[in-house]
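Asks: Each residue of the sequence shown is one higher than the last, beginning at 1434 in our numbering.
Beta carbons are placed, not taken as given, at the ideal position from N, Cα and C, and that holds for glycine.
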Amino acid sequence: IETWQPMTDQDAHLIKARELWGSAGTDISSFSSPPGAALRTLSCRKILSPGSAVELFAVSQPGRIAGLRLGPADALAGKMRSVVLKIYWDGETNPAVICPAGDFFGASWGDPAVQSLLVGVRDNVNYCYLPMPFDRSARIELVSQTDSGSDFEVRAELVLSDTPRARHEGRFYAVWHRENPTASGVPFTFLNVRGQGKLVGCMLQAQGMAPGFTPFFEGDDQTIIDGKPAIHGTGSEDFFNGGWYDVPDRWESRSSFPMSGCLDYKKHLGRSAGYRFMLADAYVYHESILQTIEHGPEKNAVPTDYCAVTYFYSLNPPDPAPVLPEPEKRAVVDFAEFKFTPGWNIPIHAFSFQNVTLSKKNETVDGSEVRFLSLQVQGQDIFGPPFVAFEFDIPQDGQYAVGLEVLFGPDQGVVQMFRNENALGEMQDLYSAERHRSAELEMGTLFLQSGVNVLYFKVMGANPAATGLGFEPVTFVFRRVE
1434 IETWQPMTDQ DAHLIKAREL WGSAGTDISS FSSPPGAALR TLSCRKILSP GSAVELFAVS
1494 QPGRIAGLRL GPADALAGKM RSVVLKIYWD GETNPAVICP AGDFFGASWG DPAVQSLLVG
1554 VRDNVNYCYL PMPFDRSARI ELVSQTDSGS DFEVRAELVL SDTPRARHEG RFYAVWHREN
1614 PTASGVPFTF LNVRGQGKLV GCMLQAQGMA PGFTPFFEGD DQTIIDGKPA IHGTGSEDFF
1674 NGGWYDVPDR WESRSSFPMS GCLDYKKHLG RSAGYRFMLA DAYVYHESIL QTIEHGPEKN
1734 AVPTDYCAVT YFYSLNPPDP APVLPEPEKR AVVDFAEFKF TPGWNIPIHA FSFQNVTLSK
1794 KNETVDGSEV RFLSLQVQGQ DIFGPPFVAF EFDIPQDGQY AVGLEVLFGP DQGVVQMFRN
1854 ENALGEMQDL YSAERHRSAE LEMGTLFLQS GVNVLYFKVM GANPAATGLG FEPVTFVFRR
1914 VE
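#1: For P1545 and N1778, what's the separation of their Cα atoms in angstroms?
#2: Taking buried to mean at least 16 other C-beta atoms within 10 Å of its own C-beta, is P1662 buried or exposed?
#3: Below 8 Å, can you find three or more Cβ-Cβ pairs linking the stretch 1724–1733 to the stretch 1647–1662?
#4: Give the range of the alpha helix (DSSP H) segment to which K1449 is assigned.
#5: For R1598, does the count of other Cβ atoms within 10 angstroms reach 16, so buried, or fall short, so exposed?
#6: What are the partner residues of T1790, as DSSP defines its beta bridges?
#7: Would DSSP call T1900 helix, strand or coil?
#8: Just to confirm the assignment: which complete alpha helix (DSSP H) runs, minimum length 4, are found wholly within the stretch 1534–1579?
#9: Our contact map puts A1540 next to A1589 with C-beta atoms below 8 Å; I'd like the distance itself, whole angstroms only.
#10: Would you call the stretch 1523–1542 and the stretch 1559–1571 touching, i.e. three or more CB-CB distances under 8 Å?
#11: At 3 residues or longer, and completely inside the stretch 1847–1882: list those beta strand (DSSP E) runs for me, N to C.
#12: Nearest by alpha-carbon distance to K1699: which of E1452, E1824, F1538, Y1864 is it?
#13: Under three-state DSSP, which class holds D1507?
#14: Over the uninterrupted alpha helix (DSSP H) stretch that includes S1721, give me the two end residues.
#15: With DSSP collapsed to three states, give me the class of D1671.
#16: What span of residues does the beta strand (DSSP E) with A1377 cover, start to end?
#17: So, does the CB of S1688 fall closer than 7 Å to a CB anywhere in chain B?
#18: Take S1549 and list the residues in its own chain whose beta-carbon comes closer than 8 Å to its own, dropping the five residues that flank it on each side.
#19: Could you give the distance in angstroms between the alpha-carbon of D1442 and the alpha-carbon of F1623?
#20: If you follow the beta strand (DSSP E) that L1593 is part of, which residue opens it and which one closes it?
#21: Apart from the five residues just before and just after I1461, which ones in its own chain have a Cβ nearer than 6 Å to its Cβ?
#22: Below 6 Å CB to CB, which residues in the same chain sit around V1887 once its five sequence neighbours on both sides are set aside?
#23: Which whole runs of the beta strand (DSSP E) in the stretch 1677–1730 are 3 residues long or more, in chain order?
#24: Could you tell me the alpha carbon to alpha carbon distance between V1789 and G1901, rounded to whole angstroms?
#25: Who are the near neighbours of A1491 in its chain, counting only those whose CB is closer than 6 Å to its CB and skipping five residues on each side?
#26: Out of S1583, P1760, Q1832, which has the shortest C-alpha to C-alpha gap to R1611?
#27: Where does E1915 sit, in a helix, a strand or coil, going by DSSP?
#28: Starting from the Cα of H1701, find the closest Cα among V1798, D1826, D1580, N1557 and give me that residue.
#29: Determine the closest residue to S1865 out of D1752, F1904, V1885, M1850, with distance taken between C-alpha atoms.
#30: For the stretch 1467–1523, which segments carrying the beta strand (DSSP E) assignment without a break, of at least 3 residues, lie completely within its bounds, in sequence order?
#31: Tell whether a beta-carbon distance below 7 Å holds between D1714 and A1706.
#32: Determine the contact status of V1530 and V1576, defining contact as a CB-CB distance below 7 Å.
#33: Which same chain residues end up closer than 6 Å to P1505 when comparing Cβ atoms and leaving out the 5 residues on each side of it in sequence?
#34: In the DSSP assignment, what are the bridge partners of F1464?
#35: Closest by CA to L1424, which one among V1547, P1495, V1798?
#36: With V1379 and Y1744 assumed to form a contact (beta carbons below 8 Å), what rounded beta-carbon distance in angstroms separates them?
Structure, rendered in structure tokens:
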């Protein structure tokens, strides 16, 4: 067996491909233009006020857009999804792109997230390098559909060439679609249009109706082209070139690659999101395309809140034309209550320097299987009571009551919650002559900021009847009490 060696005349192509593939987040407009096309860049700065619209660019001659950059990305995104990007071709009445600006560039529940080769954000500037050819004219505008907030300056750049659309090329379109809730027994629809074109990309933000689990991501993608089944996938993360969601170092957190990636995975919020662009594997259709994905392992039975951006090309305006729901139907839904499961993969920030062991266990308790984290104390730590600290990712600022479901038993200790060496709430004695799972215990109430917050749980001692100093948490419950 001989190792394959590329032919000499292929080396230059491989070098070019490698250079392109390593350019995510940089200006690749020269790659998305016809060879030898002269490029020029238009720039503008406009103030976008609440409830207003601004025209960023208007081109009145044939050509193609090779790159679009808009900033600041954090101002254009946000949980209200109230800033809308509109792009029009050739004097058409209906916009070819009508989409919340943040989501178009790969935001995850209002937070700029993606850094792919073709679409994403870098240094707080959104970018898109999907080629957009047109026959006579192009117009790009931003619309603020909120009455609150502050003015902000939009900084925009458009990279253009004068190469017009070829007869065989489609115009670029993007549609934003949400189903909240998804329909029982019916898959979520990315795209359902008649015409001739090709689907080149999908971004999906998938959220369950309850926090703490994501079984809806077992659903398969399905593609019907020209009225006939063409593709039936094997699972949602597989469609986005991922695998094994909710498993450490796999589909467990935000990660971007040139053509696909994980927008986010947050089990405690019931969220999983991915993106995928198709170049050589674009889905070509001549009469119609229906692109869907299931929500749940069987029969689309898991109720969910799904929203997606689908990128495609069409020779003629698609039927039906893209539309956008009203602002109140686009906003991100944050749970007022959510849960962390330390026996699975909640991040551990720190634990005692000595004389403790940590392990994850499955055990049948009261007739039910329970997964939990087990901290066992063999002696005192050099810096005080034995402890374990966790990193809790909180979706929004607020006052939160922290609850704990934990295992009671003869070898369990007395536990108290701390932050910055300040005790929060009362100590909880976890001793019981018989081992059992507790109801929710109140650990304390405190203000938490959006993002990662570290809380410490210290074993302060033990009941005189206890035979050990254990702490075995099953579930942490956070409840916003504003």
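Replies: Here's the rundown:
#1: 24 Å
#2: exposed
#3: yes
#4: 1444–1454
#5: buried
#6: Q1809
#7: coil
#8: 1534–1537
#9: The Cβ separation is near 17 Å, so there is no contact.
#10: yes
#11: 1847–1852, 1855–1862, 1874–1881
#12: E1824
#13: helix
#14: No alpha helix (DSSP H) holds S1721; the beta strand (DSSP E) holding it covers 1721–1726.
#15: helix
#16: With the chain covering only 1434 through 1915, there is no way to say anything about residue 1377.
#17: In the displayed structure, chain B is absent; only one protein chain is listed.
#18: A1457, G1539, S1689, F1690, P1691, M1692, S1693, G1694, Y1708, F1710
#19: 41 Å
#20: 1585–1594
#21: Y1562
#22: H1782, A1822, E1824
#23: 1693–1699, 1704–1710, 1716–1718, 1721–1726
#24: 12 Å
#25: R1572
#26: P1760
#27: coil
#28: D1826
#29: F1904
#30: 1472–1481, 1486–1492, 1496–1504, 1516–1522
#31: no
#32: no
#33: N1557
#34: Its beta-bridge partners do not exist; DSSP assigns none.
#35: There is simply no residue 1424 to check, as the chain begins at 1434 and stops at 1915 in what is shown.
#36: Since the displayed the chain opens at 1434 and closes at 1915, residue 1379 lies outside it and no answer follows.
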